[in-house]
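Novice: Just remember that the working numbering sits 7 ahead of the position in the sequence shown, which is counted from 1. Cβ atoms here follow ideal geometry from the backbone N, Cα and C, with glycine treated the same way.
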Amino acid sequence: MISEHGLRDYHRAKLRAAERLGIHDDQALPRNDEIESALREHQRLFLGNSQIEALHARRLAAREAMRFLQRFEPRLVGAVLGGTADQHSAVCLHLFSDTPGEVEQFLSEHGIRCELRERRLRMDRARDLAIEVLLFIADGIAFDLSVLPRDSLRQAPLDRIGQRAMQRASLGALEALLQTQPTAPA
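1) Exposed or buried, G147, counting other C-beta atoms within 10 Å across all chains shown (16 or more means buried)?
2) Out of Q188, L36 and L181, point me to the one whose CA is closest to E71's CA.
3) R175: buried (16+ other C-beta within 10 angstroms of its C-beta) or exposed?
4) In terms of alpha-carbon separation, which member of H101, M73, G179 and R129 lies closest to I168?
5) Our contact map puts V84 next to H101 with C-beta atoms below 8 Å; I'd like the distance itself, whole angstroms only.
6) Pick out the complete beta strand (DSSP E) segments inside the segment 89-123, 3 residues or longer, and give them in chain order.
7) What are the start and end residues of the beta strand (DSSP E) that includes A149?
8) Less than 6 Å between C-beta atoms, sequence neighbours within five positions excluded: which residues of the same chain meet that for Q188?
9) From L67 to R124, what distance separates their C-alpha atoms?
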């Protein structure tokens, strides 16, 4: 479901799978880290070069977007950074601004129309934060921009897999990753 349909919400995927299989005991469901491991194995076995190519294309698109959005100190997060991105995956970036609507206005001034949403991120075990999310598609690749307050640059939100600080990469870290990333044979 996650790989074939692009469903990246592990909790929702677990609930759908449990419903399909008639499982009613939450303890019988896999942990998020087990799902991530199974996803990597599935991609290796069944997607091969197509997944590697999709990942590489999204990392290149992320680099271009991060250069364009440099004034908002972008950080790459999610499947594109973690290496599980495929043709269904969005490029997810954290941007930082203390001025509401600043990122949306910047995109609008550059002719980029986006859909505005709200998301809640878990900042620590006691605090959630409602943030602005901007969604758009460029050159056939979906982008998901989360706008956080500037002080969140020092403290990453918790990830959904292990409830540890979310892995994030600066433009420099992404460029280093691109130098070491395998690409599919021509």
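Specialist: Taking the definition as stated:
1) By the C-beta density criterion, G147 is exposed, having fewer than 16 other C-beta atoms within 10 angstroms.
2) Minimum Cα-Cα distance from E71 among the listed residues Q188, L36 and L181 corresponds to L181.
3) Of the residues assessed, R175 falls on the buried side of the cut-off, its CB having 16 or more other CB atoms within 10 angstroms.
4) Per the Cα distances, R129.
5) Yes, they are in contact, since the Cβ atoms of V84 and H101 sit about 6 Å apart, within 8 Å.
6) Runs of the beta strand (DSSP E) lying entirely within the segment 89-123, each at least 3 residues long, are 98-103 in chain order.
7) Counting along the chain, the beta strand (DSSP E) containing A149 begins and ends at I148 to L155.
8) Within the same chain, and ignoring the five residues on either side of Q188 in sequence, no residue has its Cβ closer than 6 Å to its Cβ.
9) Distance between the alpha carbons of L67 and R124: 25 Å.
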